[in-house]
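Here's the structure, in structure tokens; my notes come after.
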Amino acid sequence: MLLLEHYGITDPGKVRTNNEDALLAGEGRDETLFVVADGIGGFEAGEVASSIAVDVLKDVEPSRSLEDAIREANRRILAVAKGDERLSGMGTTVVAMRFRGTPEEPVVEISHVGDSRAYLLRDGALKPVTEDHSLVAELVRSGDLTRAQANEHPQKNLITRALGADEEVDVDTLILPIQPHDRLVLCSDGLTDMVPESRMLDLLASFPDNSQRAAHALLSAALDAGGTDNVTIVVVDVKEEDQPAAEESHRGDTQEMKAVASEESGVRLYQERPQSRNARGKRTKSGSLHRISGSFARALAVVLVLAAATTPVYLWATTRYFLDFAADGEVAIYQGLPFAPLGYELNQEVKGTGLNESEIEPRYRDQIENHNLYSSEEQAEATVRDLKDSAEPTQPWSAP
Ligand code: MN
14 MLLLEHYGIT DPGKVRTNNE DALLAGEGRD ETLFVVADGI GGFEAGEVAS SIAVDVLKDV
74 EPSRSLEDAI REANRRILAV AKGDERLSGM GTTVVAMRFR GTPEEPVVEI SHVGDSRAYL
134 LRDGALKPVT EDHSLVAELV RSGDLTRAQA NEHPQKNLIT RALGADEEVD VDTLILPIQP
194 HDRLVLCSDG LTDMVPESRM LDLLASFPDN SQRAAHALLS AALDAGGTDN VTIVVVDVKE
254 EDQPAAEESH RGDTQEMKAV ASEESGVRLY QERPQSRNAR GKRTKSGSLH RISGSFARAL
314 AVVLVLAAAT TPVYLWATTR YFLDFAADGE VAIYQGLPFA PLGYELNQEV KGTGLNESEI
374 EPRYRDQIEN HNLYSSEEQA EATVRDLKDS AEPTQPWSAP
């Protein structure tokens, strides 16, 4: 019999005041289910979307298909968004995993939408087991970008799939055989944008058999690197029943539980998903992947037009605020992306700043003209404050 020792943690990070991430770590109806969701949307909407996803999955019966549950979460998010204007356009990523199979052939089933990831640490190597549904990941797959370029790309947070974007959602599912000493990690992009995979591996290897300390080490690394986004991490260690658990003092709220479902559930899994029988260890998918080839500029336009066609107002980007001059010359904060491919406007003005073009010193004009993308409205406002502090006074100094 295998046991799971697990620990999940989420943190708003060092820049944002709210936390749009949500997680589930063994508290669901299916105790072997673990979830990370990263919400998107203005005001509180991102938090609402990721919470709905986690709440729906929390209630999932162990016998039910994970993909079905994710589709239900998608519909629930859309329905709630329709009923409340402030939540319009909210969405979320999701990565969910649960442990199935037979005692002889245990497997983990991982389904995801968006750029929250699952990793497997086995025999000292850390492997990503999900492929991001993001603009830059598509461009890496099509050969238009290298992985290194993708990591530095200003649009790396633009995702091409999300829950809440459309009535139908394509879910990718992977069935992977597991063995004792495997460690599985789920995380939001607040970790992977901040901490290179080589460093993640070092930290995970530094705290073997202790999911709590490993999760905290990863979180600390993300915060030390800037913590510009919400960070969520779930670490699950697969252990043999007689393998000693981590020392009590290190384990906090974690609990052990039986990882491997009964033989009955393994049979059920393969009955429901006969296509998985030959696909164990390989990626299975429920929908078509947008394959994009050709030049970077063309690919960019294609993806953005696809995004615009399905979600006219919101873009599934987590870095999606920028500054520009409005028609009257006032500096304004915009939400979206500074593009209008084929006439689709991919942004909208959020608010003016009271700062006029004429007040900006020429050497600071780049701050606006470059359309730097900010991950929050607050970050854009911080730049506006700096610009105001450096602004040339248009009125003569008044005498004290
Ligand atoms: Mn994020």
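According to my numbering, the sequence shown is numbered sequentially starting from 14. Quick reminder that beta carbons are idealized off the backbone N, C-alpha and C, glycines included.
Asked, Found
"A86 versus G41: straight-line alpha-carbon distance, rounded", "15 Å"
"G203 beta carbon near the ligand MN (any heavy atom closer than 7 Å)", "yes"
"Cβ contact (3+ pairs, closer than 8 Å) linking the segment 90-107 and the segment 175-186", "yes"
"Identity of the residues DSSP links to I246 by a beta bridge", "I22, C200"
"Euclidean distance between Cα positions of L199 and D81", "20 Å"
"For S147 and K169, the rounded distance between their alpha carbons", "7 Å"
"Beta strand (DSSP E) runs contained entirely in the segment 49-126, provided each spans 3 or more residues", "107-114, 119-126"
"8 Å contact criterion, which E18 and D250 should meet: CB distance rounded", "5 Å"
"Own chain partners of E370 with C-beta closer than 8 Å, once the 5 adjacent residues on each side are dropped", "F338, G342, E343, V344"
"Whole-angstrom distance between A163 and V153, CA atom to CA atom", "7 Å"
"Nearest to K401 (by Cα), restricted to the options V126, T366, R99", "T366"
"L16 burial status per 10 Å Cβ neighbour count (16 or more: buried)", "buried"
"Residues of its chain near D202, where Cβ-Cβ distance is below 6 Å and the 5 sequence neighbours each way are ignored", "D128"
"Nearest candidate by alpha-carbon position, reference E362, set L139, Q380, L336, I381", "L336"
"For I381, the three-state DSSP class (helix, strand or coil)", "helix"
"Within the segment 132-177, ranges of the beta strand (DSSP E) (whole runs, at least 3 residues)", "138-141"
"Segment contact, 8 Å Cβ cut-off, at least three pairs: the segment 205-214 with the segment 134-150", "yes"
"Assigned secondary structure, A38 (DSSP; H/G/I helix, E/B strand, else coil)", "strand"
"Among L171, I373, A340, E394, nearest to E151 - alpha-carbon criterion", "L171"
"Distance cut-off 7 Å: N243 Cβ against heavy atoms of the ligand MN", "yes"
"Spatial distance of G39 from L46 (CA atoms)", "6 Å"
"Cβ-based neighbour list, T396, same chain, cut-off 8 Å, excluding 5 preceding and 5 following", "L336, Q380, N385, Y387"
"Same chain only: Cβ atoms within 7 Å of V120, ignoring 5 sequence neighbours per side", "R113, G114, I188, L189, P190, I191, R293"
"Cβ pair R29, D237 closer than 8 Å", "no"
"Through-space distance from I373 to D399, alpha-carbon basis", "11 Å"
"Span separating the alpha-carbon of Y334 from that of E253", "48 Å"
"Length of the line joining the Cα atoms of D179 and A404", "44 Å"
"Within 8 Å, strictly: CB atoms of V244 and A235", "yes"
"A131 vs V108 beta-carbon contact at 8 Å", "yes"
"Cutoff 8 Å: A230 Cβ touching any chain D Cβ", "The structure shown contains no chain D, having only a single protein chain."
"Proximity test, D24 beta-carbon vs the ligand MN heavy atom, cut-off 7 Å", "no"
"Per-residue burial, S219 [other beta carbons within 10 Å of its own, 16 or more giving buried]", "exposed"
"heavy atom of the ligand MN below 7 Å from D51 C-beta", "yes"
"Cβ neighbour criterion (16 or more within 10 Å) applied to G239", "exposed"
"For E180, the first and last residue of its enclosing beta strand (DSSP E)", "E180 -> no beta strand (DSSP E), and no H or E assigned at all."
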